[in-house]
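Let me begin by presenting the structure, written as structure tokens, before commenting on it.
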Amino acid sequence: MNRSTVAAIASGTASVLVLLVIWEVLGRATGIRPVVLPLPSQVLVELGAEWHWYLGHAAYTTMTTLAGFALSVVGGVLIGTAVASSRAAERFVYPLVVALNSVPKVAVAPLFVIWMGTGYEPKIAIAFLIAVFAIIVDTLHGLHSVPQDVLDVARVLKGRPLAVFFKVRLPGALPSIVAGMKVAVSLALVGAIVGEFVSSQRGLGYVIMSAQGTFDTVRVFAALVVLALLGLLLYGLLVAAERILTPWRATTA
Amino acid sequence: MIPTSVHARGVSKKYPGARGVQALQAVDADIGAGRFVSILGPSGCGKSTLLRCIAGLEGISSGTLDVAGQPVAGPPDGVGIVFQQHALLDWRSIRDNIVLPLEFAGKPVARHADKVDHLLQMTGLRDFAASYPRELSGGMRQRAAICRALVDDPPLLLMDEPFGALDALTRDQMNADLQRIWLETRNTVVFVTHGIAEAVFLGDEVLVFSPRPGRVAHRFVIDLPRPRPLAVRETPEFGRYTREIRELFGQMGLLDEAGATAS
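These protein sequence lines are chains A and B, in that order. Heads up, the first sequence is in the working numbering, so the first residue is 3 and it goes up one at a time. Heads up, the second sequence is in the working numbering, so the first residue is -3 and it goes up one at a time.
This is the structure in structure tokens:
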């Protein structure tokens, strides 16, 4: 981590802390009831007392998110490549992809429960479905963004199609694919939570739904805090992966 | 490496479509093996189109176009190409960019390390072998692109305004460097440019193209001894060539010093 990264993290943390202090002070001054809006200190106490329980649910949500994300990267790159590599596929498959994407994925979540039951499978499937379109679109965009001059050089050098794909087109598309992955990982988390909302006995989405049933607002906020941290962690991992996968580029965090 | 000859007879190129542009009109050109031939003309005259046809990147509409005695149908064997933009791969170091043609040809890269070192040495890039293209200046990137084009000893080197995006001083340097490199390689070079001085300085011959549709308006044989120093451009002999070419451009309505509008 270089100095500017450290500075960015420090200033980001500071602004969150300032907000929490203002929240705490205003909350105490107005005497607002915890069931409406709990104080940050109450949420902190809840997390401290039950951290082991929250960690277990967070692990489940992380597992389904990462599984859905991994599938979306593999599937998205494959579909994007297939669509980009043939005129026919672009004409017939891509409209289908766009049409499917315009269906709100949240609305089809119950369908997956009918098909796959209440285990981890429907959560992974929904996480995959929500995330995969970002990968497809960015893979396609990346493959099309390789400059014509570069492809012409490859043609004059008589590179075989497979060699040109792996040495020129795919690496050329990689920055775009990684940008898609940064979006997709957040979307996969949304998908996993949606899956847990619909039907689950485990995960942070389940924690939020069950706490809602008992009007336990403190617990809802505690789960939200864990979710926010999880989202940050996943995004941070992707930024680190970006530096490893595309070292020739200046990273934009 | 045996240099390649290029022969064009009545080559025309019309782009398809109702308002398709006639880019080339009955071009005749003979580019002898081992010759450095400049193709000079105004922007949009089709000189780049001819180069792309020789490279097999575009087909011709009529006429015959032979490279090394074979009609062009797709990229011929043994061609190196340099464009105005370097077209290097951003994710590869300069050295890894230069060996790309060897990889495509399925040749063992390690066995050509000396060749790569020599090219890097010749172009002053030795200390930048491990750098990424974005870390280099425009001139250095273009040198790397030339190294890449030369690494597999192509009998034919095609250059499409390779120094068009560089500043004047860098361009002078590149002209001097290219001549020095070419005197060593002696492959056939087709060098497309719109710079009169550059065309004369580098070329054994200058083929002057007319405005669209492009055809060869005149062929000048540049009879100046090599190696030519940059100062050759201030000699009367050099001036005679550039003046004749400028007058030809004037006759074609491309240069008008009276200030009337030239189309």
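Yeah, the Cβ is synthetic: ideal placement off N, Cα and C, and Gly gets one too.
8 Å Cβ cut-off: residues of chain B touching residue i
i: A/Ala165; result: Glu99, Phe100
i: A/Pro106; result: Near A/Pro106 there are no residues of chain B at all, since even the closest Cβ is about 37 Å away, more than 8 Å.
Listed by chain order, chain A residues near residue i by CB distance under 7 Å
i: B/Asp86; result: Trp250
Per DSSP, the bridge partner or partners of residue i
i: B/Gln66; result: B/Val63
i: B/Met155; result: B/Val78, B/Phe187
i: B/Ser58; result: B/Ser8
i: B/His214; result: B/Val204
i: B/Ala25; result: B/Ala4
i: B/Gln18; result: B/Lys10
Reference residue i, options the options, closest by Cα
i: B/Val185; options: B/Met248, B/Val228, B/Val78; result: B/Val78
i: B/Met210; options: B/Phe197, B/Gly6, B/Arg5, B/Gly42; result: Residue 210 of chain B is actually Gly in this sequence, not Met. Looking at the Cα atoms, B/Gly42 is the closest of the given residues.
i: A/Pro124; options: A/Phe199, A/Trp55, A/Ala16, A/Leu231; result: A/Phe199
i: B/Leu153; options: B/Leu162, B/Thr60, B/Ala141, B/Arg239; result: B/Ala141
i: B/Cys49; options: B/Val217, B/Val188, B/Phe245; result: B/Val188
i: A/Val37; options: A/Val220, A/Leu226, A/Leu229; result: A/Val220
i: A/Val115; options: A/Ile128, A/Asn103, A/Val105; result: A/Ile128
i: B/Asp148; options: B/His82, B/Ala106, B/Val75, B/Phe124; result: B/Val75
i: A/Asp140; options: A/Ile132, A/Val185, A/Gly121, A/Val166; result: A/Val185
i: B/Ala22; options: B/Gln117, B/Pro158, B/Ala109, B/Ser8; result: B/Ser8
i: B/Gly237; options: B/Leu53, B/Arg15, B/Ala193; result: Here the sequence assigns Tyr to residue 237 of chain B, which means Gly is not the residue at that position. Out of B/Leu53, B/Arg15, B/Ala193, B/Ala193 has the C-alpha closest to the C-alpha of B/Tyr237.
i: B/Asn93; options: B/Pro104, B/Ala125, B/Ala106; result: B/Ala125
i: B/Thr119; options: B/Arg144, B/Arg107, B/Glu240; result: B/Arg144
i: B/Leu98; options: A/Lys160, A/Ser188, A/Val192, A/Pro42; result: A/Lys160
i: B/Gly6; options: B/Ala25, B/Met(-3), B/Gln81; result: B/Ala25
i: B/Glu201; options: B/Phe32, B/Met(-3), B/Arg15; result: B/Phe32
i: A/Phe130; options: A/Leu229, A/Tyr122, A/Val227, A/Phe71; result: A/Phe71
i: B/Glu131; options: B/Arg88, B/Ala4, B/Ile218, B/Glu180; result: B/Arg88
Range covered by the beta strand (DSSP E) that runs through residue i
i: A/Gln258; result: Within the shown structure, residues of chain A are numbered from 3 to 255, placing residue 258 of chain A beyond reach of any answer.
i: B/Glu201; result: 201 to 205
i: B/Phe32; result: 32 to 36
Chain A residues whose Cβ lies nearer than 8 Å to that of residue i
i: B/Tyr128; result: Trp250
i: B/Leu53; result: Asp154, Arg157, Val158
i: B/Glu83; result: The amino acid occupying residue 83 of chain B in the given sequence is Ala; Glu does not appear at that position. Going along chain A in sequence order, the residues near B/Ala83 (Cβ under 8 Å) are Pro149, Asp151, Val152, Asp154, Val155.
First and last residue of the uninterrupted alpha helix (DSSP H) at residue i
i: B/Arg140; result: For the record, residue 140 of chain B in the displayed sequence is Ala; it is not Arg. Looking at the DSSP string, the run of the alpha helix (DSSP H) that includes B/Ala140 is 134 to 146.
i: A/Ile132; result: 122 to 146
i: B/His114; result: 109 to 118
i: A/Val173; result: Strictly speaking, residue 173 of chain A in this sequence is Pro, with Val absent from that position. A/Pro173 -> alpha helix (DSSP H) spans 172 to 200.
i: B/Ile177; result: 164 to 181
i: A/Thr219; result: 219 to 247
i: A/Asn103; result: 89 to 103
i: B/Lys43; result: 43 to 50
i: B/Lys103; result: That residue, B/Lys103, is in no alpha helix (DSSP H); it is neither H nor E in DSSP.
i: A/Asp154; result: 150 to 158
i: A/Glu48; result: 42 to 51
i: B/Gly235; result: 232 to 247
i: B/Glu194; result: 192 to 198
i: A/Glu26; result: 5 to 32
i: A/Met118; result: 107 to 118
i: A/Val166; result: 163 to 166
i: B/Asp123; result: Counting along the chain, B/Asp123 falls outside any alpha helix (DSSP H), and DSSP gives it neither H nor E.
i: B/Asp92; result: 90 to 94
Residue i: contacting residues in chain B (beta-carbon distance under 7 Å)
i: A/Gly161; result: Phe100
Listed by chain order, chain A residues near residue i by CB distance under 9 Å
i: B/Leu96; result: Val155, Ala156, Leu159, Gly161, Lys169, Val170
Within-8 Å CB hit, residue i to chain E
i: A/Gly205; result: Of the protein chains in this structure, namely A and B, none is chain E.
Check distances from the C-beta atoms of the stretch 68 to 81 of chain B to those of chain A and list, in chain order, the residues that come in under 7 Å. Pro71, Val75, Ile77, Phe79, Gln81
Taking a cut of 8 Å between CB atoms, which residues from the stretch 146 to 158 of chain A lie near chain B? Pro149, Asp151, Val152, Asp154, Val155, Ala156, Arg157, Val158
Given a limit of 8 Å on CB to CB distance, which residues of the stretch 168 to 183 of chain A reach chain B? Lys169, Val170, Pro173, Gly174, Leu176
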